[in-house]
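Trainee: Quick note on numbering: the numbering used here labels position 103 of the sequence shown as 85, and the sequence is numbered without any gaps.
All C-beta atoms, glycine included, are put in the ideal place defined by N, C-alpha and C.
Sending over a structure as structure tokens; questions will come in a sec.
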Amino acid sequence: YHVAGYPRQAELPPAPFPHASINPRTRADKETVEEELAALNPPLYAPRRALDDSSTSLKRQHVENLTTILHTCMLKGDWQRATRAWGLLLRTEVAGRGMDVRRHGRWGIGAELLMRNSINVQDGFKLAREYYERLILQYPHTPHSQETSSLVFYPALFNIWIYEVQNRYRVLSENDVDHMSELILRRQELEDALPISQRMDDLIRSPPYDTNVELLKLRAMVALWVSDL
């Protein structure tokens, strides 16, 4: 009561008291502070950001054009041109900063292009998995951070790994020219599925992955898949 400046008999205000956020400074307050700093001897001037930087404006327009080309080519199935546009976007810097693939779900585009642009389907899956492995190492989970991290990339990695194994044996069973028995195919699929379940078990033993709902659901689905084999 004393610290908050209220008498003990007074009723305290409702939430979020006493944790109310600090009122942001208005533009007038900032201008007043800048004027006071400029009046000092020697004067101090706050650095101002150029409102109309022609170079930055042109680069932003360039990024927007490349993004439009990228999505247009993906919709048309022109994966080679889409890959070139993606490469240019990754190398483009605006105001000294490169593109952050974690923003706006861009990270999924890279994996899609790697899978679609490969001649061999299995090679495409392998490249996409390696891509997610690099993202996991590059952007690990950090507490109190809202940025996309390994918490998002791990489910994507396991999803594509599961699809890779299932797709491989589905194609083999449909094109079984050597009349391999179904039992042998299922045994081979089981051998490829077990490393996935083992990797997931190792991961969800420790936080924060042990409470990640998406990973736990995915692990349960893998358990059903393995038991069916």
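Please go through the same chain and pick out, in chain order, the residues whose beta-carbon is closer than 6 Å to the beta-carbon of Ala(-8), but skip the five residues on each side of it.
Mentor: Once the five neighbours on either side are set aside, Ala(-8) has no close Cβ partner at all.
Trainee: Can you find at least 3 beta carbon pairs, one from the segment 163 to 177 and one from the segment 188 to 198, that sit closer than 8 Å?
Mentor: Taking 8 Å as the limit for Cβ pairs, the verdict is that the segment 188 to 198 does not touch the segment 163 to 177.
Trainee: Would you tell me roughly how many angstroms separate the C-alpha atoms of Tyr151 and Arg116, rounded to the nearest one?
Mentor: 27 Å
Trainee: I believe Trp68 touches Ile91 by the beta-carbon criterion, under 8 Å. Please report the beta-carbon distance rounded to the nearest angstrom.
Mentor: 6 Å
Trainee: Taking all protein chains shown into account, decide if Gly106 is buried (16 or more other Cβ within 10 angstroms of its Cβ) or exposed.
Mentor: buried
Trainee: Using the DSSP secondary-structure output, state which residues sit across from Arg79 in a beta bridge.
Mentor: Val76
Trainee: Between the alpha carbons of Leu19 and Leu26, how many angstroms are there, rounded?
Mentor: Going from the Cα of Leu19 to the Cα of Leu26 covers about 5 Å.
Trainee: Among Leu95, Trp207, Thr130, Asn141, which residue has its Cα nearest to the Cα of Leu172?
Mentor: Trp207
Trainee: Taking the C-alpha atoms as reference points, what is the distance between Arg66 and Arg79?
Mentor: The straight-line gap from Cα to Cα measures roughly 20 Å.
Trainee: Please list, in chain order, all residues of the same chain as Thr124 whose beta carbon is under 8 Å from its beta carbon, the five residues on each side excluded.
Mentor: Ser131
Trainee: Give the C-beta separation of Ile178 and Phe140 to the nearest angstrom, bearing in mind that I take them to be a contact with Cβ-Cβ under 8 Å.
Mentor: 7 Å
Trainee: For Leu185, which residues from the same chain have a beta carbon less than 6 Å from its beta carbon, with the 5 sequence-adjacent residues on both sides left out?
Mentor: Tyr191
Trainee: Could you tell me the alpha carbon to alpha carbon distance between Thr50 and Val15, rounded to whole angstroms?
Mentor: Their Cα atoms are separated by approximately 43 Å.
Trainee: For Met182, which residues in the same chain have their Cβ closer than 6 Å to its Cβ, ignoring the five residues on either side in sequence?
Mentor: Spatial neighbours of Met182 in its own chain (CB-CB distance under 6 Å, excluding positions within 5 residues in sequence) are listed in chain order as Arg201.
Trainee: In chain order, what residues of the same chain have a beta carbon less than 8 Å from the beta carbon of Pro122, not counting five sequence neighbours either side?
Mentor: Ser131, Ser132
Trainee: If you run the structure through DSSP and keep just helix, strand and coil, what is Leu197?
Mentor: helix
Trainee: Suppose you measure from the CA of Gln170 to the CA of Ile142; what does that come to, to the nearest Å?
Mentor: Going from the Cα of Gln170 to the Cα of Ile142 covers about 18 Å.
Trainee: If I measure Cβ to Cβ from Leu119 and keep anything under 6 Å in the same chain, skipping five residues before and after, which residues do I get?
Mentor: none
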